[in-house]
């Protein structure tokens, strides 16, 4: 049986079987490494930092200062004015990436010897510290696959544009970084290939989910786009409320309450009008505190991409991020602690983030506003750390943006149930929420993918 | 047992029991009518049309022309520039109501003699053709319950501001009219009252769901706010996919696909800049075609409200609306046909509307663009019409806005499964979607409440 006529429970069974096969699939992990190394050799890329004013094809709008491509497509860097009464900062303005089109992040799956394999891509992005990473089968903006890039066609896109419903494993719109992207969401898809053979192009490789999970334990290998799609895979087919600390009705009510409580208003404004951000001598846009991020320019020359040379603005964060998910068993059922977060680019004002999401360098001492659980994570005993790997954020928009992802096992005393903005969800409940849009932010989804790659035991 | 410790299935059982009691509850229907008539006498109101320029406390912004209250609160009438490539109209601008705060629409429920009763309110709104209608227990903007109105406190709001999770029956953010409201959503809540007695104020009355269903069959009695909250009640506790034409995964994928396909961009612009809209001699804002709606002003004087005198702008639609839900049994399971609709004020671009949603007067002949299913509904045999009642839209913002709500039973031939923008959902699937935000638009939710009030057979 290959079509999903046995429903979500059947899909969850197939996911579990694929996750259980960690070493040998269509290729072995050593064979994968040889293929990946060869792809890295083919994908030689040169990325040069250039002033924002010198980006080929990009210009600052005379009236607003917004940085736009001359075609009017791709994306722009605009200003955002944010009011968040009651928040730690009640009013600020900042640059933000505006890319209203919805892209496709899709993983094609297919059974080999009765086990689902995922068609993964070796893809170079200019922002990646190491150039090549493992990406979904398809990772394409609408401009990509409708040809605005005037580049090569997007391989395998045909499997995702109008899939028969019975071959869809997961399909939802999910947000991206709410501090850097304005109301951005992409279509996260997992689609089962039809029975006929699928040609495998040079930069693509079939891996079991177990193999992908093994690679997630390595720094900067599985890219952000892959991690968010992986988080949407169904792992549980049954009643999500069985053994859960809170009913799903109660969880949804908490999320609704957090959204209703939050009075955040974020309105686009001219980039030239943002306060406390300045153009440096190097032609980069930075906050006067030196914190948050910089808007920088890059020239890119590569062989392995749809287009061989281009320039673009990127966001370069100041300091490495730290995100952590606290996990514990409640009555024998594993739970993770999610945190209702406000970010200015969220479409719904609030999404569930990880237990901890911050840039530690912004909190050099134990002053006020130090994020809850930062000390618990920073000082955790090694024996309680189930996962600890540095992963990259999206390398097409973010320059050398890296985040340490930690999964930390805790006991009841160190993570009490005392704040309405924090909620313990069972893993099946997380699964069920991820069928829908805008419940978990990108950092939480990335950690969910990491958590599932390292089951308790 | 009164707390919801038996979960959603238990709540659905209680809803069914309450729906089954159509005549006698705490009060009989004749007693209800006497109480409602008395409330109408108490709630004498005078609503006078006045020019937009003469509204007390409201003024057009000198720079933008936006109509705002001098306090900066309540709501404003702004302009909206809409681009919808591939739509019937690809570019237009229009006035729209901007009210970013999230209000509460809440129904309190409580067991009497083992049957849930709903605490309904007799409430006068200036836009209602008949003044008084039956509203939820609480129908309050944030300005209402935080006191910006400087009026009386909102009765019963304390049950909804921080309810214990085990007493929450339903709690989600749901959109309102996407052609008239900019990204508006309200918190739709059903909360079970604690065991202690709940004092019943003069304008409030406990009714069974069966009694409310009986009143839904009458024109302009159960208001829009009540209908949307009713639509969020759980009617089904089991597997929503049992007997359904499409899997929920497939349905969610269709919705995601419709959202990804839609390239609508709606940006606020100065009201003074909207094209083809003009201020009439009577001080009203209208489209040069005479179609769509007018922005009008009213002075209100009433006894039964929080504030006794006020002025405000309102939207007055041109022509009565017609909405219809086509229903049929598929393999013995009742299904309804939903239509993926784009409206400029939707936060997600697309929501599921009823099978048909239009203003028939805009389509006087069988020319192009006549909405699909309009002729089927207009010419339906009486024996196939299960529900046919005129209901009012929200009387606090819309002036004499009325919609004929039709539920029509069809056979396979008259409603084929041939268009990706139309999807047959089983009633339990509709239930399951309504636990979440922004899947069904207000017109669809209203019809779902009507449909459930008149089960097949």
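Chains as they are written, first to last, in the numbering used here: chain V, 1 to 457; chain C, 458 to 914.
For glycine and all other residues, C-beta sits at the position ideal for the given N, C-alpha and C.
| Asked | Found |
| --- | --- |
| Mapping the DSSP letters down to three states, classify residue 2/V as helix, strand or coil. | Low confidence applies here, because residue 2/V scores a pLDDT of 43, under 50, leaving its location unreliable and the question unanswered by this model. |
| Return no unless some Cβ of chain C is closer than 8 Å to the Cβ of residue 252/V. | yes |
| Taking just the CA atoms, how far does residue 65/V sit from residue 58/V? | 12 Å |
| Let me see if you follow: with CB-CB separation under 8 Å, is residue 559/C close to chain D or not? | The structure shown contains no chain D; the protein chains it does contain are V and C. |
| Looking at the strands, I want to know which residues DSSP matches up with residue 26/V. | Partner(s): none; residue 26/V has no beta bridge. |
| If you pair each beta-carbon of the stretch 395–404 of chain V with each one of the stretch 312–330 of chain V, do three or more pairs fall below 8 Å? | yes |
| Which whole-angstrom value describes the C-beta separation of residue 802/C and residue 636/C, a residue pair presumed to lie in contact below a C-beta threshold of 8 Å? | 7 Å |
| Note the first and the last residue of the continuous beta strand (DSSP E) segment covering residue 856/C. | Here residue 856/C belongs to no beta strand (DSSP E), and DSSP marks it neither H nor E. |
| So with CB distances below 7 Å, who are the chain V contacts of residue 741/C? | Near residue 741/C there are no residues of chain V at all, since even the closest Cβ is about 28 Å away, more than 7 Å. |
| To the nearest angstrom, report how far apart residue 732/C and residue 548/C are at their CA atoms. | 11 Å |
| Spell out the partners DSSP gives residue 768/C in its beta bridges. | 756/C |
| Quick check on the DSSP output: the alpha helix (DSSP H) that includes residue 617/C runs from which residue to which? | 615–618 |
| Can you tell me where the beta strand (DSSP E) holding residue 228/V begins and where it ends? | Residue 228/V -> not in any beta strand (DSSP E); alpha helix (DSSP H) instead, spanning 224–231. |
| Would you mind telling me which residues of chain C sit closer than 7 Å to residue 256/V, beta carbon to beta carbon, in chain order? | 628, 629, 630, 644 |
| Under 7 Å Cβ-Cβ, which residues of chain C neighbour residue 168/V? | 706, 707, 710 |
| Does the beta carbon of residue 460/C come closer than 8 Å to any beta carbon on chain V? | Because residue 460/C sits at a pLDDT of 48, beneath the cut-off of 50, its placement in the model cannot be relied upon, and the point is left open. |
| Going along the chain, which residues of the stretch 64–93 of chain V sit with their C-beta nearer than 8 Å to a C-beta in chain C? | none |
| Can you list, in chain order, the residues of its chain whose CB lies under 8 Å from that of residue 831/C, leaving out five sequence neighbours each side? | 779, 813, 815, 817, 820 |
| Please confirm if residue 698/C has its CB atom under 8 Å from at least one CB of chain V. | yes |
| Check residue 447/V in the structure and name its three-state DSSP category. | helix |
| I need the straight-line Cα distance from residue 378/V to residue 430/V, nearest angstrom please. | 25 Å |
| Check whether chain V comes within 8 Å of residue 469/C, counting only Cβ atoms and requiring the distance to be less than that. | no |
| I want to know whether the stretch 745–754 of chain C touches the stretch 562–575 of chain C - three or more CB-CB distances under 8 Å. | no |
| Ends of the beta strand (DSSP E) at residue 834/C? | Run containing residue 834/C: none in the beta strand (DSSP E); it sits in the alpha helix (DSSP H), 831–835. |
| Expressed to the nearest angstrom, what Euclidean distance is found between the alpha-carbon atoms of residue 756/C and residue 614/C? | 27 Å |
| At the level of alpha carbons, what is the spacing between residue 845/C and residue 903/C? | 12 Å |
| Assuming contact is defined by CB atoms lying nearer than 8 Å, are residue 369/V and residue 38/V in contact in what I supplied? | no |
| Compare the C-beta of residue 440/V with all C-beta atoms of chain C and state if any pair is closer than 8 Å. | no |
| Under three-state DSSP, which class holds residue 526/C? | strand |
| 8 Å is my cut-off, CB to CB: does residue 893/C come that close to chain V? | yes |
| Determine the burial state of residue 850/C: buried for a count of at least 16 other Cβ atoms within 10 Å of its Cβ, exposed for fewer. | buried |
| Among 581/C, 602/C, 510/C, which residue has its Cα nearest to the Cα of residue 493/C? | 581/C |
| Would residue 905/C be called buried (16 or more neighbouring beta carbons within 10 Å of its own) or exposed? | buried |
| Locate the beta strand (DSSP E) running through residue 778/C, then write down its first and last residues. | 778–787 |
| Determine, using beta carbons only, whether residue 464/C comes closer than 8 Å to chain V. | yes |
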